Amino acid sequence: MFHALANPTRFLRLMAVIRPWAGGLALLGLLVGLGWGLLYAPPDYQQGNTARIMYIHVPAAWMAMFIYGAMAVASGVTLIWRHPVAELTAKASAPIGAAFTLICLLTGSLWGKPMWGTWWVWDARLTSMLILFFIYLGYIALWEAFDDPARAGRAAAILALVGVVNLPIIKFSVDWWNTLHQPASVLTLAGPKIHPDILWPLLITALGAKAYYVWLLSLRVRAEILSRQARIMRFSAATDRRAG
Amino acid sequence: MYWASLGDFFAMGGHAAYIWPAFAAALAVLAGLALYSRASLKAAERAYAQARQDAGRSGDQA
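So the protein lines, in turn, are chains A and B. Residues in the first sequence are numbered from 113 upward in steps of one, following the working numbering. Residues in the second sequence are numbered from 52 upward in steps of one, following the working numbering.
Structure follows, in structure tokens:
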């Protein structure tokens, strides 16, 4: 399976099968989850209706970290096995992860203003999330910084692996430091601490967000593979002409 | 349904100014990236088809 996926053509064929299902599930999950959160879920007893921002903020934060984790695994596979599809999967993931991080930061700011009285504070959770956003941007920029895709890919993969250290810092920042941000209430050792009426729309939205990632990733990886193959064909055509 | 009326829903208990921009921003970012990615896929498909055609032509000459 693992080696079969290293064949770009086979990978593209598998992605073409998955794509419409992922797209449909994304649309359905986001519509149902967010619709439920906005229309039917009860307001928070302390934060009132602003807590509805959570239905985007929290899945966006989960995706920001999940995609980074996926990118780091793909980068490890790239460096160890020279797996070409893994490399392009990591590259295609970065803008999606950056987009979710941006959504998390924007919605957090819009939630912070009415509840904390400020758009932004330099505390551990917010700052480590901002650093994640910058690592994503740095990764994307690094790919563009080299003419040779082999060197760019290696440098970007190393950056992605080094940046992993930020993930536990984000997750545990609310426990390690004093912060305005509330502690974990879903992913805790004791299980979720929130009511099912709020948890369900949250989980459905999160599922929709994950399907959106799979859908968009399959589309972006296809673009990356085709671009790379076009580049190789142009390159070998040019060397043929020179040789002939 | 939690809301008594449509106006109630849009007012979001007085917090409309924060809740709706948050949802709009998320939609804009997700839809924007999807549209941009689709456009770059179309460009990549064109570049691939062109490169294939060129390779075929130079192959004929050889």
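C-beta: ideal position from N, C-alpha, C; glycine also. The structure displayed is predicted, hence computed values, not measured ones.
Is there at least one Cβ from chain A nearer than 8 Å to residue i's Cβ?
{"i": "Ser56 (chain B)", "result": "no"}
{"i": "Ala113 (chain B)", "result": "Confidence in Ala113 (chain B) is poor, its pLDDT being 44 and thus under 50, which makes the residue's placement unreliable; the coordinate value appears in the next sentence. Judged by the 8 Å Cβ criterion, Ala113 (chain B) is in contact with chain A."}
{"i": "Asp105 (chain B)", "result": "yes"}
{"i": "Ile70 (chain B)", "result": "yes"}
{"i": "Phe61 (chain B)", "result": "no"}
{"i": "Ala82 (chain B)", "result": "no"}
Between the Cα of residue i and the Cα atoms of the options, which residue gives the shortest distance?
{"i": "Ala253 (chain A)", "options": "A:Leu218, A:Thr213, A:Pro207 and A:Asn290", "result": "A:Pro207"}
{"i": "Phe74 (chain B)", "options": "A:Leu218, A:Arg122 and A:Ile130", "result": "A:Leu218"}
{"i": "His324 (chain A)", "options": "A:Trp133, A:Ala296 and A:Arg122", "result": "In the sequence on display, residue 324 (chain A) carries Tyr and not His. Among A:Trp133, A:Ala296 and A:Arg122, the Cα nearest to that of Tyr324 (chain A) is on A:Trp133."}
Going by the DSSP bridge assignment, what does residue i pair with across the sheet?
{"i": "Gly181 (chain A)", "result": "None, per the DSSP bridge assignment."}
{"i": "Asp156 (chain A)", "result": "A:Gly160"}
Would a check of beta-carbon distances place residue i closer than 8 Å to chain B?
{"i": "Ile208 (chain A)", "result": "yes"}
{"i": "Met345 (chain A)", "result": "yes"}
{"i": "Thr201 (chain A)", "result": "no"}
{"i": "Ile306 (chain A)", "result": "no"}
{"i": "Thr162 (chain A)", "result": "yes"}
{"i": "Thr291 (chain A)", "result": "no"}
{"i": "Tyr324 (chain A)", "result": "yes"}
{"i": "Ser339 (chain A)", "result": "yes"}
So, using beta-carbon positions, are residue i and residue j closer together than 8 Å?
{"i": "Tyr157 (chain A)", "j": "Met52 (chain B)", "result": "no"}
{"i": "Phe212 (chain A)", "j": "Met175 (chain A)", "result": "yes"}
{"i": "Ala236 (chain A)", "j": "Ser285 (chain A)", "result": "yes"}
{"i": "Ile316 (chain A)", "j": "Val144 (chain A)", "result": "yes"}
{"i": "Ala118 (chain A)", "j": "Leu191 (chain A)", "result": "no"}
{"i": "Ala95 (chain B)", "j": "Arg346 (chain A)", "result": "no"}
{"i": "Gly188 (chain A)", "j": "Leu273 (chain A)", "result": "yes"}
{"i": "Pro313 (chain A)", "j": "Gly136 (chain A)", "result": "no"}
{"i": "Leu200 (chain A)", "j": "Glu336 (chain A)", "result": "yes"}
{"i": "Ala172 (chain A)", "j": "Ile130 (chain A)", "result": "no"}
Can you give the beta carbon distance from residue i to residue j, rounded, assuming they're within the 8 Å contact cut?
{"i": "Ala377 (chain A)", "j": "Tyr87 (chain B)", "result": "The question about residue 377 (chain A) has no answer, for chain A in this structure spans 113 to 356."}
{"i": "Leu271 (chain A)", "j": "Tyr251 (chain A)", "result": "5 Å"}
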